[in-house]
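Note that the protein sequences, when read in sequence, are chains U, X, L, B and Z.
Using the numbering used here, you'd call the opening residue of the first sequence number 34 and step up by one each time.
Using the numbering used here, you'd call the opening residue of the second sequence number 4 and step up by one each time.
Using the numbering used here, you'd call the opening residue of the third sequence number 4 and step up by one each time.
Using the numbering used here, you'd call the opening residue of the fourth sequence number 1019 and step up by one each time.
Using the numbering used here, you'd call the opening residue of the fifth sequence number 1019 and step up by one each time.
Shown next, in C-alpha cells, is the structure this report addresses.
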Amino acid sequence: TSDSGTNNRPAASGGTAAAGGAGDFPATPKWKFVMVCHVTTNPFFTPTQYGAQDACALLGTEFQWTGSKDSIVAEMVNATNTAISAKADGLAVAVVDKAAFRQPVSKALDAGIPVVSYNADGARDDKGTARLAYIGQGLYESGYALGQRALEQVDSGDVVGFIATPGALNIQPRIDGAAQAIKDSGKSIKFESIGTNADITKGLSIIDAYAQGHPNLAGMLAVDAGSTQSIGQVVKKYNMRSKGLKVAGGFDLVPETLAAIKAGDLDYTIDQQPYLQGFLPVVYLYLYKLSGGLLFPSETNTGLLFVTKDNVGPYQTTKTRFEGSDTAQKMVERSGAIGHAS
Amino acid sequence: MPDISDGLRESPAPADVAGRPAPDRPRLLRRVRDGFLRRREASVLVVALALGVYFASASEAFLTGDNMVNITQAAAPAAIVACGIVLLLVSGEIDLSVGVVAALAPFMMHYAIDFWGIPAVPAILLALLTGTVIGLGNGFVTVVLKVPSFITTLGTFYLVTGIVLTTSGAYPAEIPVPVDNQIGQWLGAAPWAHLAWALVIVAFFHVLFIRTRWGLHTISVGGNLLGAQEAGVRVGRIKMGNFMIASTLGAFAGLLEAFRVHTIDPNLGGGTGLMFTAVSAAVIGGTALAGGSGTIIGGALGALVLAELQNGFNLIGISANPYFLILGGSILLAMIANVYLSRLRRAGKTT
Amino acid sequence: MPDISDGLRESPAPADVAGRPAPDRPRLLRRVRDGFLRRREASVLVVALALGVYFASASEAFLTGDNMVNITQAAAPAAIVACGIVLLLVSGEIDLSVGVVAALAPFMMHYAIDFWGIPAVPAILLALLTGTVIGLGNGFVTVVLKVPSFITTLGTFYLVTGIVLTTSGAYPAEIPVPVDNQIGQWLGAAPWAHLAWALVIVAFFHVLFIRTRWGLHTISVGGNLLGAQEAGVRVGRIKMGNFMIASTLGAFAGLLEAFRVHTIDPNLGGGTGLMFTAVSAAVIGGTALAGGSGTIIGGALGALVLAELQNGFNLIGISANPYFLILGGSILLAMIANVYLSRLRRAGKTT
Amino acid sequence: MTSPNGSTDVLRVEHISKRFGTVTALRDVNLRLAKGEVLGLIGDNGAGKSTLMKIICGFHQPDSGRILIDGEEVSVKSVDHARSLGIDTVYQDLALINELSVYHNMFLNREPVRFGLLNNRKMRALARAHLDDMGVHIPSVEVEVAKLSGGQRQAIAVARSVYSRSKILLLDEPLAAMGAKEGVQILDLVRDLKARGEVSMMIIVHNYAQILEVCDRVNLLQHGSITFDRPTARTSVQELTDLVVAEYRAARNGLRSV
Amino acid sequence: MTSPNGSTDVLRVEHISKRFGTVTALRDVNLRLAKGEVLGLIGDNGAGKSTLMKIICGFHQPDSGRILIDGEEVSVKSVDHARSLGIDTVYQDLALINELSVYHNMFLNREPVRFGLLNNRKMRALARAHLDDMGVHIPSVEVEVAKLSGGQRQAIAVARSVYSRSKILLLDEPLAAMGAKEGVQILDLVRDLKARGEVSMMIIVHNYAQILEVCDRVNLLQHGSITFDRPTARTSVQELTDLVVAEYRAARNGLRSV
Ligand SMILES: Nc1ncnc2c1ncn2[C@@H]1O[C@H](COP(=O)(O)OP(=O)(O)OP(=O)(O)O)[C@@H](O)[C@H]1O
Ligand SMILES: Nc1ncnc2c1ncn2[C@@H]1O[C@H](COP(=O)(O)OP(=O)(O)OP(=O)(O)O)[C@@H](O)[C@H]1O
Ligand SMILES: [Mg+2]
Ligand SMILES: [Mg+2]
C-alpha cells in the first residue's frame, strides 16, 4: 500500500506533463472549488471530503468545505454567497431546499462560476436550481430504497423509523421516502417516525425506551448513522430478533453499525458512496474549467449499495479513506468473484 | 492605532477634586473623542473595525459591495434579535425560544395566506403578533407563575418546535405568491433590506433603552429588583413587555430570513442557534448575563463581529473542521483585546 | 398527596415570637417531615415522583429493571455535569464548553492508547486531565483576563469542537481494545455503572457544597461578589476551581457515555446539547442562573425529571413531530407545579 | 377621626398585624399622623419599624388591620399606588440602582419626560441643586451610585423623597449614614418642609437628640406594638433612653458590680 | 517609630494617596494608631474615611504612600493578607451574603472546620452567644440575613469582626443602624475589648457623643487629608461640631436672618 499523503499536491507525475499541470494536462491556475454542505461535520461527509481532497491532489486544485453545521439553509446561502464574492472557480452545492438556492446558483452562473449539486438536488418535483449537473443519489430515493428493502422481510405489523433531527434537511427526506415506500406497498404495516437526537448518547436512550415500550415491533429503521448504530445495540441488548423483529436497517458505515451487521443485529445498511460525491464534483468542475465549458458535467447517480452480512467483511477488516474510517492512502486488495445478480 | 490608545491612557479631569486645570488642547476634538471613549460600545467597535481591516488585507473580496451585503445579511437577524435579548438580559431574564419563534412566524404567514385566505399585510402582521403572544405567554409564566425564565422558555422552545414540525410536516414551504413580490423585497429579499431594517430597529431600541423610562426601568429591574420594587417600578410589566419585544423581534427576524433565502424552513433559526448567536452578540457587546447593564448598539456590534468572523474565514477559504478551531481562537483573542480596550477606556474616562 | 400538602400548609412554630407552644404531635415524625420539607429539593423530588407515577400508569414497561437502567443512563451524564454546572452557576459563571469537552475526552483516551501507546489507566487519567486543563484555561481567561465566562467558554466551545473535528476527521472511532474490557464495564458499559457513578459524584459534591468552606465560599462569591471580596474570600480561586471541576466532570461524563454507546463519536454531547441539558437540570433543581443559590441534589433531580420525560414519552411512543409539543407542554406544567409546591413548602417552613 | 388638636389625621393605622413565616413582626399596631405633623418612631432593632413603614407605603400587605388616608380606608396595593395617594418613602436599604447614575436614581419612577423621552438635562440640574441644598458633595451627578460613599448614597435616597412633593413622607433612618454637617442640614430641610405645613412625616431615628429636635411627637414600637406615645415637648432624651436602655444598663451595672 | 506615649504604634499610615479615575479620595494622609488605643475618625460624607479604611485592610491598593504594622513596612496585598496580619474590618456596606444564614455570615472566611467539614454546630452556638452579648434579638441564627432588619444585619457584621481576636480592628460606622440600646451595648463591648488592652481600634462614627464615650483620640479627615488630631480628653462635642458644622450653621443663619 502506498501512502502518498493527504496533502493537496498532485500525486504521481507520469508521462509528458506540460509544465506544472497534472498528469499531461496543461498548466492551469490553482483553481479553488467550494463545496457547500448542509451538515459539514457529519461523519457521512468525511469520505466526501477525502474524495474531494484526493481529486484536488490529482488535479492540482484546492477545495473548501463549508456550509452549515446544523442544516440551517440561511447559513448555507451565506456560505454560497460568500464563495461567489470570493470568486470561487467552481461550486458544488448540496441543494437541500428547492427554493433557497435558485437565486444564489443563478448568481454564480451569471458570474461565470460553474455549479454542480451533490448529495441533494432539490425536491422530487423540482430540482430547484439551474446547476449544471447532479452527482449523488437522492435523499428521498435512498430513503425509499430503505423502505423497499424492509418490505422484503415484513408484511405486516409495526415498523418504526428513527430520525435524529426531525425537520433537518439531510435526513427528513429519507424518512419521508421510507414512509412513502411502505405506504405504496399497500401492506398492512403501521409506520411511525420517532425523533431521536443529534447526540448519539441521547439517541441510544430514546431508541432503548421506544423498544421497551413496543416489544412487538416488526421492523426498526433509521435514517442517520447514530440512530442506525443504536438500533443495532438495542436489538442486541433485548435480543429482539427472538421476539418477532423481522427487519432492522439503516444508513451509513460507522464501525459499530458494521459490527452489528456482522453479528446479525442489523440486516442492512445503505452505502451511498459518499467518497464519489466529493471526488466527482471536483473532477467535473476541473474538466469544465479546463475545457472552457466544452466538457459539461454529467448527471451521475453515485448509486446505493446495501451492505449486509454477506458483504460486510471488507468494510470491517479494512479501514479506508473511501469509507472515512481512515485517513491513510492505501490500496485495498480484493479477490474472488464479484457478486452480481444472476 | 497608537493614537487611540494614547488617547485612552490620558485622563481628562474636569471634575477633578484637586482642580487640575484642563489642558488647552482643542476642546471640540477632545469632546468628540471623550464622547466616543465614554461609550461602552467603543471597544467592540474597535474590535469590529480591526477585524475588518484584517480581513480586508487577507482577501480583497472582503470590501466588495457584494460581500458587504453578505455580511449585513448575516449580521442583521442576530442584531435584530439581540435588541430584544439585550432588553431581556438587562432586566434579568432570558428567552431560549426566540429562534424557534423565528421559524414559526413565516409558517404563520404561509398558513394565513395559503390556507386561511388572509391578505398579505394582515398575514404578516398576524405572523408578528404570533411572536408577541408567545412573548406574552413567556412573560406570564415567568412573572406571574414565577417559573424561572430559562425553564419557561425552554418549555416554549420545545412547544413551538413541536407546533412548527407538526403543522408543517417537518417540511419546508414556499413563500406564498401574494407576498413574493415587492413586499418580499422590502422584507428581506432585496440586498440591502436587512441592513436597513437592522439600522432602523437598532436605532429605535437604542433610543428606547437609553432615553425612555422603559429603558431606565429595565435597568432598574435587572440591577436591583428589590430596590426597583421599593421605588414603585412596575417590575412585572417591564419584564412582560421585554418578553413580548424579544419574541416579536424574533418573529420579524424570521420573516426577513425567510424572504431572503426564499423558503420557509422549519429549521430556520437552527433550533437554539439564532438565540445563541443573539445572546453571544449581546454579551460580546457588553451586556451582563446577570442583568442590570447592557447596550443595544453593543449587541448589534457583537452581531457584526460574529458575522465578520464567519464571513471572513469563509472568504479566506477555511474548511469546516479547522474553521471551528480558528473561530474559537479568534473569539477568545478578540474578546481579550476587547476587555483590554475597555479597561483602557475606563481608565481614561472622566467619571 | 393530601397528606403532604396538608403538612406543607401547617406552620410549626418553635421560633415564634408569640411563643405559641408546640403542638404535641409525635415529634420524630414531624421532624423528619419538616426536615424533608425544609429542603429546597423537596418540590422537584415530588415532581419527579409524580412523573414516575404517571408514566408507570401509562406504560407497564416503565418500572421494569431494564427501563430503570435506561433512565439512569439517560439521567446520569446530565446529573454529573450538573454538579459542576451548579457550582459554576452559583458562583456566577457558566461553561458552554462542557459538552464538547465530553466529546474530546474519549478521543484523548483513544489517541493516548492507540497512537501514543500509553497504557489504559494513565490514558484515562490523561483524558480527565485534559478536561481539568481546559477548565483551568476557562478560569484563567475569565478570572484573570476578565472576559465574561459566556464568551470565554463560547470561544473554548468552538476551539475544542475544532480540535475534536480536525483530529478525528469528524469520524467516529472505536473504543480502544485495552479498555474495552472490565475497565470499560466499570466506566459505563455495565448497566448500573452510570447510576453508581452518579450517586457517588452527586453525594460527594453535595457534601462539598453544603458542608465545606468551598461550598460556602462559592455561594458567597455568587451571592455578593463585592461582599465576598471584602470578607477576604479568595474569589478568583473559587471561580477557577469551579471551572476546573465542571470541565473535569464533563470529561468524565464523556468517558462514561463513550463506553456505554461503545463508540467514540465526535458529536457526543451534541455540541451544546449536554451543557444545555445540564444547565436546564440545574435550573429545574432550583439553581439561580444569576448565581448565589442552588443545590447539587436538585440538579441531579432535575436531570432525572428530564430523563423521565424523555424516556416516558418515548416509551409511550410519541411520534417525532408531536413529541416536542408534548415535551414542551409537560416541562411547563411540571415546572409550574414545582414552583407551586415550593411556595407551599416555604409557607410552611419554620424559619 | 379628628386628632386631639382638632385637625383630621392624614394617616391612621389601625390594628395592623404582620407575620413573616413564624416571625410576628407587628401585632395590633395603632398609629396616627396629623396634617403637618412630624412623628418620630423609635424602637429596638427588629422591633418592626421598617415593616410598619413598608406596609403603609404598599410594599408589604398587612395580615390584618386597616389603613386610613384622610379618614378614608384604603388598601394600598403597591408602592406605585401609595405614591398616587401622596405617600413617599425613604427606605432603610435606600433602594438605589447601582447601575444608574445619581440623577437617574434621584428621579427613579418619577422621571420628567419630554416628547416621551427622558429629560436628562432637567434631571441633572435638579439633582445638582438638591444635593447642594443638602450640603452633600458628590463628584458628579453622572457617576453611577455604586461608586459613591455611604453618606452620598443615602443623601440621594433622601433627596428622592424629600423633594417629591408628596403629602406623607415616611423616612426610615434617613440620617443613619449622614455626617454631622449633612445631618444638620437635612434636619433643617425637614424643618423647612414642616414650616410650610403641607407635608406630614413619620421618621424613624435612633438618635433621640435628633428626634427631639424635629419631631412633634414620638412613638415607641416594642416587640411589634406601640407602647409609648407622647408629644416631644413632654419628654426628654433621658426619658427615652431610660425607656429603652435602662433595663440593660441596670443589668450590666449589676453584672459589673458583682 | 514610637508614639508620644512611649509604646510602638501598631499601625502607621504614611503619605497615602488614592484616586478613583479623576476623583482624588485621599491626598497624603498620615495617621497612627497606638497599641490598645481607640481612634475615632470623623469627617464629611465623601471625605475619604471608608477609602482609607479599605486601603489599610487591603481591599484597595494605595496609589502612593506606605503602611507600617508594628513598625514594619508591609504592602497589604489582599483582605486575606490583612487578616493574616491581624487586621479585621467592619465595612460600611456590611459585606453580608444575603443567601447565607446568620451564623455562616458571622464566620465567613473564618469558618471552624472539623475533619474538613464545616462545624455548623459550633458556629450556631457562638453566633447565638455573640448576638446575645450585643443585646440584639434575632428570630433564629439559621435565617438568611436577607430577611433581617437593618440593625440586625449590622449586628452580624460587627460581631464578625469584634469577636475575631484580631489585633487591629477597623470599624466603619458600626453603630449607624443600631438602636439606642444595642448601640450602648456595642460601645460597652468596645470598652471591654479596650480594657483588655490587646486590641487597637479605629472607628468611624458620625455621632460625636459616641466618639467621646469610647475613643482615646479623634482625627478629622477633610477633603482627603487629616486636618485635626487631638486626644478626646482635650476636646468636646461642641468643638467637634463647630469644626465640621459651624461654617454651614453660620451661612444658614445668615440666610435666615435675611
Ligand atoms: N470604587 C470607587 N470608584 C470611584 N469613586 C469612589 C469609589 N469609592 C469611593 N469613591 C469616591 O471617593 C470619595 C470618598 O469616598 P469614601 O467612601 O471614602 O467616603 P467616606 O468618607 O467614607 O464617606 P461616608 O461618610 O459618606 O461614608 C467619594 O467621593 C466617593 O465618591
Ligand atoms: N421579608 C422578611 N422576611 C422574614 N422576616 C422579616 C422580613 N422583614 C423583616 N423580617 C423580620 O421582622 C422583624 C422586624 O423587622 P424590621 O425590619 O421591621 O425591624 P426594624 O424595627 O426596622 O429594625 P431596625 O431598627 O434594625 O431596622 C425582624 O425580626 C426581621 O427579622
Ligand atoms: Mg428598620
Ligand atoms: Mg464611608
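By construction, the Cβ of each residue, glycine as well, lies at the ideal position given by its N, Cα and C atoms.
Practice task
Would you kindly work out how many angstroms separate the C-alpha atoms of Z/S1167 and Z/L1044, rounded to a whole number?
Solution key: As a working mapping, residue 1167 of chain Z is identified with position 149 in the fifth sequence. As a working mapping, residue 1044 of chain Z is identified with position 26 in the fifth sequence. If you take the alpha carbons of Z/S1167 and Z/L1044, they lie about 33 Å apart.
Exercise for the section: Establish whether the CB of L/I1 and some CB of chain U are separated by less than 8 Å. Expected result: Because chain L is modelled from 4 through 354, residue 1 of chain L falls outside the range shown and cannot be assessed.
Problem - Chain-ordered neighbours of U/K120 on chain X, where CB pairs are closer than 8 Å - result: If you number the first sequence from 1, residue 120 of chain U lands on position 87. Those within 8 Å of U/K120 in chain X are A64.
Problem - CB of L/G158 within 8 Å of CB of X/G331, strictly - result: Reading the third sequence from its first residue, position 155 is the one you call residue 158 of chain L. Reading the second sequence from its first residue, position 328 is the one you call residue 331 of chain X. Their beta carbons are under 8 Å apart, which means L/G158 touches X/G331 by this criterion.
Problem - Z/E1091 - partner residues in DSSP beta bridges - result: Residue mapping note: residue 1091 of chain Z aligns to position 73 of the fifth sequence, counting from 1. Its beta-bridge partners are Z/L1086.
Practice task
To the nearest angstrom, report how far apart X/M278 and X/A337 are at their CA atoms.
Solution key: In the second sequence, the residue the question calls residue 278 of chain X occupies position 275. In the second sequence, the residue the question calls residue 337 of chain X occupies position 334. Distance between the alpha carbons of X/M278 and X/A337: 21 Å.
Practice task
On the DSSP bridge assignment, give the partners of U/V149 in chain order.
Solution key: The residue given as residue 149 of chain U occupies position 116 in the first sequence. Paired residues: U/A125.
Exercise for the section: Give, in chain order, every unbroken run of the beta strand (DSSP E) that is at least 3 residues long and sits entirely within the segment 139-217 of chain U. Expected result: Qualifying beta strand (DSSP E) stretches, in chain order: 148-154, 167-169, 189-196.
Handout entry: Beta-bridge pairing of U/C70 - partner residues as DSSP gives them
Key = Here residue 70 of chain U refers to the residue found at position 37 of the first sequence. Here U/C70 is bridged, per DSSP, to U/G100.
Exercise for the section: Run the CB neighbour count on L/D27, radius 10 Å, all protein chains shown included, and call it buried at 16 or more, exposed below. Expected result: On the third sequence, position 24 is the one that residue 27 of chain L refers to. Residue placement at L/D27 is poorly supported in this model, since its pLDDT is 49, which falls under 50; the coordinates are not used for a value here.
Problem - CA-to-CA distance, X/L219 to L/G301, given in whole angstroms - result: Numbered from its first residue, the third sequence carries residue 301 of chain L at position 298. Numbered from its first residue, the second sequence carries residue 219 of chain X at position 216. In this structure, the alpha-carbon of L/G301 lies about 35 Å from that of X/L219.
Practice task
Using the DSSP secondary-structure output, state which residues sit across from Z/M1219 in a beta bridge.
Solution key: Here the question's residue 1219 of chain Z lines up with position 201 in the fifth sequence. Answer is Z/V1056, Z/L1187.
Practice task
Alpha carbon to alpha carbon, how far is Z/D1046 from Z/R1037? Give it in angstroms, no decimals.
Solution key: On the fifth sequence, residue 1037 of chain Z is found 19 positions in, with the first residue counted as 1. On the fifth sequence, residue 1046 of chain Z is found 28 positions in, with the first residue counted as 1. Using only the alpha carbons, I get a separation of about 11 Å.
Handout entry: DSSP three-state assignment for L/P26, whether helix, strand or coil
Key = As a first step, residue 26 of chain L is located in the third sequence; it is residue number 23 there, counting from the start. Residue confidence for L/P26 is low, a pLDDT of 46 falling below 50, so the modelled location carries little weight; the figure read from the coordinates is stated next. Coil.
Practice task
Please confirm whether any heavy atom of ligand 2 lies closer than 7 Å to the CB of B/G1066.
Solution key: Position 48 of the fourth sequence, counted from the start, is the residue given in the question as residue 1066 of chain B. Within the cutoff, so yes.
Handout entry: Of the listed residues U/M364, U/G346, U/V345, nearest to U/R354 (C-alpha basis)
Key = Locating residue 354 of chain U in the first sequence gives position 321, counting from the first residue. The closest CA to that of U/R354, considering only U/M364, U/G346, U/V345, is found on U/M364.
Problem - Proximity test, Cβ basis, 8 Å: U/E225 and chain L - result: As a first step, residue 225 of chain U is located in the first sequence; it is residue number 192 there, counting from the start. Yes, its Cβ sits closer than 8 Å to a Cβ of chain L.
Exercise for the section: Pull up the DSSP beta-bridge partners for L/A1, would you. Expected result: Outside the modelled stretch of chain L, which goes from 4 to 354, sits residue 1 of chain L, for which no answer is possible.
Practice task
Tell me, please, whether the CB atom of Z/N1237 is closer than 8 Å to any CB atom in chain L?
Solution key: Translated into positions along the fifth sequence, residue 1237 of chain Z becomes position 219. False, the Cβ-Cβ gap to chain L never drops below 8 Å.
Exercise for the section: Please classify L/G68: does DSSP put it in a helix, a strand, or coil? Expected result: By one-based count along the third sequence, residue 68 of chain L stands at place 65. DSSP places L/G68 in the helix class (H, G or I) of the three-state scheme.
Exercise for the section: State the Cα-Cα distance for the pair L/N314 and L/G55, rounded to the nearest angstrom. Expected result: On the third sequence, residue 314 of chain L is found 311 positions in, with the first residue counted as 1. On the third sequence, residue 55 of chain L is found 52 positions in, with the first residue counted as 1. One Cα belongs to L/N314, the other to L/G55, and the distance between them is close to 10 Å.
Problem - Same chain only: Cβ atoms within 7 Å of U/R182, ignoring 5 sequence neighbours per side - result: Against the first sequence, residue 182 of chain U aligns to sequence position 149. The beta carbon of U/R182 is closer than 7 Å to those of G282, Y301, F339 in its chain, skipping five residues each way along the sequence.
Exercise for the section: State the Cα-Cα distance for the pair L/V124 and L/D268, rounded to the nearest angstrom. Expected result: One-based indexing of the third sequence puts residue 124 of chain L at position 121. One-based indexing of the third sequence puts residue 268 of chain L at position 265. Roughly 21 Å between the two C-alpha positions.
Problem - ligand 4 heavy atom lying under 7 Å from the CB of Z/D1190 - result: On the fifth sequence, position 172 is the one that residue 1190 of chain Z refers to. Result yes, Cβ under 7 Å from ligand 4.
Exercise for the section: Report the neighbours of X/L219 on chain B: residues whose CB is nearer than 8 Å to its CB, in chain order. Expected result: Translated into the one-based positions of the second sequence, residue 219 of chain X becomes position 216. Here the neighbours are L1118, H1122, L1126, E1129, L1136.
Practice task
Tell me whether L/S171 counts as near ligand 4, meaning its Cβ is closer than 7 Å to at least one heavy atom of that ligand.
Solution key: Along the third sequence, one-based indexing puts residue 171 of chain L at 168. Every heavy atom of ligand 4 is 7 Å or more from the Cβ of L/S171, so no.
Exercise for the section: Determine the extent of the beta strand (DSSP E) in which B/E1032 is found, giving its start and end residues. Expected result: As a working mapping, residue 1032 of chain B is identified with position 14 in the fourth sequence. For B/E1032, the uninterrupted beta strand (DSSP E) run begins and ends at 1027-1038, by DSSP.
Handout entry: DSSP beta-bridge partners of Z/V1236
Key = Taking the fifth sequence and counting its residues from 1, the one referred to as residue 1236 of chain Z is at position 218. Note: Z/V1236 sits in a beta bridge opposite Z/G1058, Z/R1248.
Exercise for the section: Would you kindly work out how many angstroms separate the C-alpha atoms of U/P59 and U/Q305, rounded to a whole number? Expected result: Working through the first sequence from its first residue, we reach residue 59 of chain U at position 26. Working through the first sequence from its first residue, we reach residue 305 of chain U at position 272. Distance from the CA of U/P59 to the CA of U/Q305, rounded to the nearest whole angstrom, comes to 33 Å.
Handout entry: X/P24 burial status per 10 Å Cβ neighbour count (16 or more: buried)
Key = By 1-based counting over the second sequence, the position of residue 24 of chain X is 21. Low confidence applies here, because X/P24 scores a pLDDT of 42, under 50, leaving its location unreliable and the question unanswered by this model.
Practice task
Please classify L/L344: is it buried, with 16 or more other beta-carbons within 10 angstroms of its beta-carbon, or exposed?
Solution key: Here residue 344 of chain L refers to the residue found at position 341 when the third sequence is read from its first residue. By the C-beta density criterion, L/L344 is buried, having at least 16 other C-beta atoms within 10 angstroms.
Exercise for the section: Could you confirm whether any beta carbon from chain L is found closer than 8 Å to the beta carbon of U/V365? Expected result: Stepping through the first sequence from its first residue, residue 365 of chain U is reached at position 332. In terms of beta-carbon proximity, U/V365 stays away from the interface with chain L, with every pair separated by 8 Å or more.
Problem - Residue closest to L/V101, alpha-carbon to alpha-carbon, out of L/M247, L/P122, L/A350, L/V35 - result: Counting from one through the third sequence, the residue named residue 101 of chain L turns up at place 98. If we check each option's Cα against that of L/V101, L/M247 comes out closest.
Exercise for the section: Indicate, with yes or no, if ligand 2 has a heavy atom lying under 7 Å from the CB of B/N1063. Expected result: Here residue 1063 of chain B refers to the residue found at position 45 of the fourth sequence. B/N1063 has its Cβ nearer than 7 Å to a heavy atom of ligand 2.
Practice task
Please state whether DSSP places U/T39 in a helix, a strand or coil.
Solution key: Stepping through the first sequence from its first residue, residue 39 of chain U is reached at position 6. In this prediction, U/T39 has a pLDDT of 39, which is less than 50 and means its spatial position is unreliable; what the coordinates show is noted afterwards. Correct three-state label for U/T39: coil.
Practice task
May I ask whether a heavy atom of ligand 4 can be found less than 7 Å away from the beta carbon of B/S1167?
Solution key: As a first step, residue 1167 of chain B must be located in the fourth sequence, where it is residue number 149. Flag set: Cβ of B/S1167 near ligand 4.
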